[in-house]
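Trainee:
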Amino acid sequence: MKINGVQTKGENIADNDGLRAAWVAYRRRVEMGEAEVNLPGLSHYTHDQLFFIGYGKVWCSRHTGYALRLLLETDTHAPADYRVLGTLHNSRVFSSVFNCPSGAPMNPSRKCVLW
Numbered sequence: 001m002k003i004n005g006v007q008t009k010g011e012n013i014a015d016n017d018g019l020r021a022a023w024v025a026y027r028r029r030v031e032m033g034e035a036e037v038n039l040p041g042l043s044h045y046t047h048d049q050l051f052f053i054g055y056g057k058v059w060c061s062r063h064t065g066y067a068l069r070l071l072l073e074t075d076t077h078a079p080a081d082y083r084v085l086g087t088l089h090n091s092r093v094f095s096s097v098f099n100c101p102s103g104a105p106m107n108p109s110r111k112c113v114l115w
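Numbering of the sequence shown is given in the working numbering, commencing with residue 1 and proceeding in unit increments.
1. With distances taken from CA atoms, which of 102, 63 and 74 is nearest residue 8?
2. For residue 120, count neighbouring C-beta atoms within 10 Å of its own C-beta (all shown protein chains included) and say buried if the count is 16 or more, exposed if not.
3. Find out if the Cβ-Cβ distance for the pair residue 51, residue 88 is shorter than 8 Å.
4. Suppose contacts are defined by Cβ-Cβ distances below 8 Å. Is residue 59 in contact with residue 83 by that definition?
5. Three-state secondary structure (DSSP) at residue 56?
6. Would you report the Cα separation of residue 44 and residue 99, rounded to the nearest angstrom?
7. Among the candidates 70, 63, 94 and 97, whose CA atom is the shortest distance from the CA of residue 81?
8. Going by C-alpha distance, which of 86, 42, 34 and 66 is nearest residue 16?
9. Could you check if residue 55 is buried or exposed, using at least 16 other CB atoms within 10 Å of its CB as the buried criterion?
10. Can you tell which of 91, 65 and 76 has the C-alpha that lies nearest to the C-alpha of residue 3?
11. Take residue 111 and list the residues in its own chain whose beta-carbon comes closer than 6 Å to its own, dropping the five residues that flank it on each side.
12. Taking the alpha helix (DSSP H) that residue 9 falls in, what are its first and last residues?
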């Protein structure tokens, strides 16, 4: 099964822009002195890393083979795991926050950035 990029293009763009807008809003709150809460068991992550972990967690899902086939045939959204991976692949900030080396799986040398 393959994802139809033409079918999902608009939502792919929206996912990339939505993540960027959420990041800007998050950083503004931090810069304004908004207190950041430390989460038990996650102290080995920075708050910036937790922002992206939270983004990925939002899209946790599971599909049966039939549901996935139906989604690929009819939905304008890519499956959740591709929404997360595709969006984070295109995020320079994500790569920086997690110190991903250039060319690593989560930091491809070519990223799709529209504006």
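Backbone N, C-alpha and C define an ideal beta-carbon position, used for all residues, glycine too. Since this is a predicted model, take the numbers as computed values, not measurements.
Mentor: Taking the coordinates as given:
1. 74
2. There is simply no residue 120 to check, as the chain begins at 1 and stops at 115 in what is shown.
3. no
4. yes
5. helix
6. 14 Å
7. 63
8. 86
9. buried
10. 76
11. 90
12. 5–31
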